Amino acid sequence: MYKINKLMAGLAVGLGLLGVGEAAWAQAAQSTQWVADDLTTFVRSGPSNEYRIVGTLSSGAGVTVLETNGDYSRVRAGDGDEVWIRSDQLQDERSLTERVPELRSRVDSLSSQLESINGEWEGRVATMTETLETRQQRIADLESRNAALDSQLSQSQASLRQLKARLDTQKEDLLMRYFMYGGGVAGAGLVVGLLVPHLPRRRSKRDRWF
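Numbering-wise, the sequence shown is residues -26 to -1, 1 to 184 according to mature numbering (1 follows the signal peptide of the UniProt record, and there is no 0).
This is how it looks when you write it as structure tokens:
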């Protein structure tokens, strides 16, 4: 009888030590995980489907994993309740529920930076466009002035040709007049030369009879 009592006492001490070791291991194995991104996840009172459903956890909820038994894990929810949930319904990264606000904040920040960059580039493009339009206008003005000068040059060249033609004509007319005047003078001289010998001479006073 004494031996049985001693055996029972040793067994109790061993079970106690085993319980303390399991508790210490469970405490060391605790980690933070998140409920998978489903609508809701049922939780039970024990580590199998045979245990009754005691509630649900919302998708994306953060929980502390206390221990794992088979396909289930015992977790501590945010309100302090400890329940059992299927291990495949837990994930190691934060849920979309928690990441979406941060992602939206990053998207808003990037969108703001993009708008700032876009505004800066639009300003630069507008300045470059204005400068280009100004240069194009100056080029158009210079081309217009060049065309006007070309037209004036063409008109001046046409007027010069007309004046040169008139001058040539006047030279020809003047030469013709000179020729005609010289011919007339020569003809008159010839006629006078032919007529003079035939003119009667005047008698001198010595040839008269008294």
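In this text, a Cβ means the ideal position worked out from N, Cα and C, and glycines have one as well.
Just so we're clear, the structure is a prediction, and the values are computed from it rather than from any experiment.
Residue environment, residue i, which counts as buried when at least 16 other CB atoms sit within 10 Å
| i | result |
| --- | --- |
| W(-2) | A caution first: W(-2) carries a pLDDT of 38, below 50, which makes its placement in the model too unreliable to give a value. |
| Q144 | exposed |
| Q7 | buried |
| S47 | buried |
| L123 | exposed |
| L31 | buried |
| L64 | buried |
Cα-Cα separation, residue i to residue j
| i | j | result |
| --- | --- | --- |
| T38 | V99 | 55 Å |
| S5 | S79 | 28 Å |
| G158 | R151 | 10 Å |
| R50 | Q87 | 41 Å |
| D62 | L84 | 35 Å |
| G163 | L149 | 21 Å |
| A121 | S133 | 18 Å |
| R119 | A139 | 30 Å |
| I27 | E56 | 13 Å |
| V166 | D147 | 28 Å |
| F16 | S33 | 11 Å |
| Q126 | Q136 | 15 Å |
| E24 | G44 | 13 Å |
| E41 | L77 | 32 Å |
| E117 | R109 | 12 Å |
When the options are compared against residue i, the one with the closest alpha-carbon
| i | options | result |
| --- | --- | --- |
| V58 | S22, S33, R68 | Just to set this straight, residue 58 is Trp in the shown sequence, not Val. The option with the nearest alpha carbon to W58 is S22. |
| D53 | G36, L137, S47 | G36 |
Counterpart residues of residue i in DSSP-defined beta bridges
| i | result |
| --- | --- |
| residue 226 | Past the boundaries of the shown model lies residue 226; the chain is included only from -26 to 184, so the question cannot be answered. |
| Q63 | According to DSSP, which records beta bridges pairwise, Q63 is partnered with nothing at all. |
| Q7 | V37 |
Entirely enclosed beta strand (DSSP E) segments - the region 23 to 59, minimum 3 residues: 27 to 32, 36 to 43, 46 to 50
Minimum length 4: unbroken alpha helix (DSSP H) runs contained in the region 73 to 159: none
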